[in-house]
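Chemist:
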Amino acid sequence: MESSAPRTLEDCRALDGRDPLAALRGKFALPETGRLHFDANSIGAMPADAPGRVARLLAGSWRDKGRRSWSTEDWLEKPRELGAAISHMVGAAPGDVVVCDSTTVNLFKLLCHAWKLRAGGNVILTESHNFPTDIHVAQGFVRLLADLGVEAEIRMAESRDRLADMLDRDVAVLYLTQTDYRSSERWDMAEINRLARAADALTVWDLSHSAGALDIDLAGDGTDFAVGCGYKYLCGGPGGPAFLFVNPAHQGAAWPAIAGWMGHAQWDRFLADYEPAAGVSRHLAGTPAVVANEIFGAAADIWRTASRREVAAKHESLTGTLIALLDRECGALGARVTSPREYGRRGGHVSFAHPGAGPVAEALADHGLVGSFRHPDSIRFGLSPLYHSHEDVWNAVAIVKDVLQREAWRDPRYATVAI
Ligand SMILES: Cc1ncc(COP(=O)(O)O)c(C=O)c1O
Numbered sequence: 007m008e009s010s011a012p013r014t015l016e017d018c019r020a021l022d023g024r025d026p027l028a029a030l031r032g033k034f035a036l037p038e039t040g041r042l043h044f045d046a047n048s049i050g051a052m053p054a055d056a057p058g059r060v061a062r063l064l065a066g067s068w069r070d071k072g073r074r075s076w077s078t079e080d081w082l083e084k085p086r087e088l089g090a091a092i093s094h095m096v097g098a099a100p101g102d103v104v105v106c107d108s109t110t111v112n113l114f115k116l117l118c119h120a121w122k123l124r125a126g127g128n129v130i131l132t133e134s135h136n137f138p139t140d141i142h143v144a145q146g147f148v149r150l151l152a153d154l155g156v157e158a159e160i161r162m163a164e165s166r167d168r169l170a171d172m173l174d175r176d177v178a179v180l181y182l183t184q185t186d187y188r189s190s191e192r193w194d195m196a197e198i199n200r201l202a203r204a205a206d207a208l209t210v211w212d213l214s215h216s217a218g219a220l221d222i223d224l225a226g227d228g229t230d231f232a233v234g235c236g237y238k239y240l241c242g243g244p245g246g247p248a249f250l251f252v253n254p255a256h257q258g259a260a261w262p263a264i265a266g267w268m269g270h271a272q273w274d275r276f277l278a279d280y281e282p283a284a285g286v287s288r289h290l291a292g293t294p295a296v297v298a299n300e301i302f303g304a305a306a307d308i309w310r311t312a313s314r315r316e317v318a319a320k321h322e323s324l325t326g327t328l329i330a331l332l333d334r335e336c337g338a339l340g341a342r343v344t345s346p347r348e349y350g351r352r353g354g355h356v357s358f359a360h361p362g363a364g365p366v367a368e369a370l371a372d373h374g375l376v377g378s379f380r381h382p383d384s385i386r387f388g389l390s391p392l393y394h395s396h397e398d399v400w401n402a403v404a405i406v407k408d409v410l411q412r413e414a415w416r417d418p419r420y421a422t423v424a425i
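Numbers given in the working numbering equal positions in the sequence shown, counted from 1, plus 6.
1. Spell out the partners DSSP gives Pro282 in its beta bridges.
2. State yes or no: is the C-beta of Ser108 nearer than 7 Å to some heavy atom of ligand 1?
3. Cutting at 6 Å between CB atoms, please list the residues of its own chain near Arg315, excluding the five before and the five after it.
4. On a Cα-Cα basis, can you pick out the residue from Gly285, Val356, Leu240 that is closest to Trp309?
5. Drop a sphere of 10 angstroms on the beta-carbon of Thr109, count the other beta-carbons inside from all chains shown, and report buried for 16 or more, exposed for fewer.
6. Which residues share a DSSP beta bridge with Thr185?
7. Indicate whether Asp167 and Met195 have their beta-carbon atoms separated by less than 8 Å.
8. Find out if the Cβ-Cβ distance for the pair Gly50, Ser390 is shorter than 8 Å.
9. For Val376, which residues of its own chain have a beta-carbon under 8 Å away from its beta-carbon, when the five flanking residues on both sides are left out?
10. Just to confirm my understanding: we take Glu8, look at its own chain, exclude 5 residues before and 5 after, and list those with CB closer than 6 Å. What are they?
11. Ligand 1 heavy atoms versus the CB of Thr139: any closer than 7 Å?
12. Let me make sure I understand the geometry here. Which of Arg416, Asp383, Asp408 has the alpha-carbon closest to that of Arg188?
13. Is the beta carbon of Val111 sitting closer than 8 Å to the one on Leu88?
14. Just to confirm the assignment, what range does the beta strand (DSSP E) spanning Glu133 have?
15. So for Ala421, helix, strand or coil by DSSP?
16. Taking buried to mean at least 16 other C-beta atoms within 10 Å of its own C-beta, is Gln184 buried or exposed?
17. In whole angstroms, give me the CA-to-CA distance for Arg275 and Val96.
18. To the nearest angstrom, how far is it from the Cα of Leu331 to the Cα of Ala421?
19. State the start and end residues of the unbroken alpha helix (DSSP H) segment that holds Thr78.
20. At a cut-off of 7 Å, is Tyr393 close to ligand 1 when judged by its beta-carbon and the heavy atoms of the ligand?
21. Which residue from Gly101, Ala91, Glu83, Glu191 puts its Cα closest to that of Glu133?
22. If I measure Cβ to Cβ from Ala265 and keep anything under 6 Å in the same chain, skipping five residues before and after, which residues do I get?
23. Is any heavy atom of ligand 1 found at a distance shorter than 7 Å from the C-beta of Cys118?
24. If we call anything under 8 Å between Cβ atoms a contact, is Gly374 one with Asn47?
25. What are the start and end residues of the alpha helix (DSSP H) that includes Phe302?
26. Around the Cβ of Thr14, are there at least 16 other Cβ atoms within 10 angstroms (buried) or fewer (exposed)?
27. Tell me whether Asp212 counts as near ligand 1, meaning its Cβ is closer than 7 Å to at least one heavy atom of that ligand.
28. Quick one: what does DSSP say Asp372 is sitting in, helix, strand or coil?
29. Tell me the DSSP secondary structure of Ser378 in three-state form.
30. Any contact of the region 204-223 with the region 351-359, i.e. 3+ C-beta pairs under 8 Å?
31. If you draw a straight line from the alpha carbon of His119 to that of Met172, how long is it in whole angstroms?
32. Taking just the CA atoms, how far does Leu392 sit from Glu83?
33. Beta-carbon separation of Gly234 and Pro247 under 8 Å?
34. Counting along the chain, where does the beta strand (DSSP E) carrying Phe249 start and finish?
35. Name the residue from Ile160, Val399, Trp273, Asn136 whose alpha carbon lies nearest to the alpha carbon of Trp121.
36. I want to check one thing, is the minimum distance from the CB of His215 to the heavy atoms of ligand 1 below 7 Å?
And the structure:
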């Protein structure tokens with residue numbers, strides 16, 4: 007889709023009329039109240055058939071068949087099936103992605119794994135603006151190594167322009183989140199992977215604020231390892247499982263960090279001695295979360311039908327429209343877009359700053375527009391190419407303008423701000 011900003015509501019409707027993904031909106035159960043949830047960066051919308059699928063699973067499989075369902079249903083295959091269903095969205099082959107555990111746990115698994123396979127060096131290089139859980143996982147890992155008598159060090163780039171200089175031969179693993187969770191600045195993965203390879207460092211990427219919105223090409227960009235959240239743009243359900251990717255070049259090497267029975271080559275023989283399963287499956291640890299996977303399955307069926315290029319093109323058009331309208335309608339009212347304006351440098355969401363951002367976010371929610379506040383002065387809007395339209399964007403900006411113009415956000419009832 008073209009990205010030149012529409013100027014009128016009719017322009018927005020015309021863009022929606024040409025949207026090749028328009029039919030996918032009907033596959034989601036959007037809020038009945040007509041509220042606009044611009045929070046796909048936090049919790050993606052509910053696929054319309056998720057409740058029915060869960061109800062069938064609970065009654066048909068759990069209640070009526072009980073433990074027989076482990077053999078009659080595809081519960082144990084789900085991590086691979088779901089991984090295959092979303093793999094094209096991140097530019098990976100179907101067999102190189104599995105859906106399991108949380109992003110945090112998968113970060114730990116793959117950071118350990120990358121460390122084991124490193125060419126040399128003992129430094130994990132990241133940035134100080136990385137998401138807290140990413141940094142905590144690295145800190146915990148380095149402490150674990152220290153407890154075991156192994157020296158390792160975390161180095162943090164304080165700003166993005168420092169990273170390339172810090173990527174020297176001491177670096178074992180380059181450990182980054184592609185899209186910054188506050189500003190939405192995005193790393194150029196192909197370029198960073200190239201720099202890492204030149205320094206003999208392995209890459210571990212967190213795609214939580216990218217997957218399901220951007221055009222990601224893990225295989226083409228030479229990524230070593232990646233993880234990502236399942237419940238944001240991927241719409242896998244609140245707190246639902248995450249995904250992990252391992253480059254085929256690394257799949258056969260080394261035991262996984264968590265050697266569990268679901269990652270055993272012959273798990274159903276209940277052998278005492280561990281033998282890693284082939285490929286990415288060895289990174290499965292324990293029993294899959296069956297109910298959560300059923301919800302994710304409803305989203306996966308939608309992703310199977312989506313083209314990565316069309317998703318990214320619509321995302322560019324939606325976010326470009328949002329920025330242009332915020333500038334035009336709300337700039338003079340104190341809203342200042344802080345996300346990059348160039349699409350190649352922008353991730354999933356659009357952030358703007360306002361001195362009253364916390365109460366403004368509360369007032370917006372009360373007026374039908376849900377975004378998220380981030381300390382100290384930022385509001386984030388996460389747009390999904392699967393279920394948002396340009397007309398939604400038009401309506402959302404009208405709400406922002408109204409709340410700012412009338413200073414509705416100054417009402418004391420908006421003083422308590424949700425995260
Ligand atoms: C970049 C990033 N990584 C990881 C997470 C969360 O990981 P988990 O699902 O393990 O809590 C978030 C949550 O917002 C995130 O923004």
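Backbone N, C-alpha and C fix where the C-beta goes; we use that ideal spot for every residue, glycine too.
Modeler: According to the structure data:
1. His270
2. yes
3. none
4. Leu240
5. buried
6. Arg192
7. no
8. yes
9. Arg41, Leu42, His43, Phe44, Asp45, Leu370
10. Any reading at Glu8 is ruled out, since the residue's pLDDT is 47, under 50, leaving its predicted position unreliable.
11. yes
12. Asp383
13. no
14. 129-133
15. coil
16. buried
17. 34 Å
18. 27 Å
19. 75-78
20. no
21. Glu191
22. Tyr280
23. no
24. no
25. 296-309
26. exposed
27. yes
28. helix
29. strand
30. yes
31. 22 Å
32. 26 Å
33. no
34. 248-252
35. Ile160
36. yes
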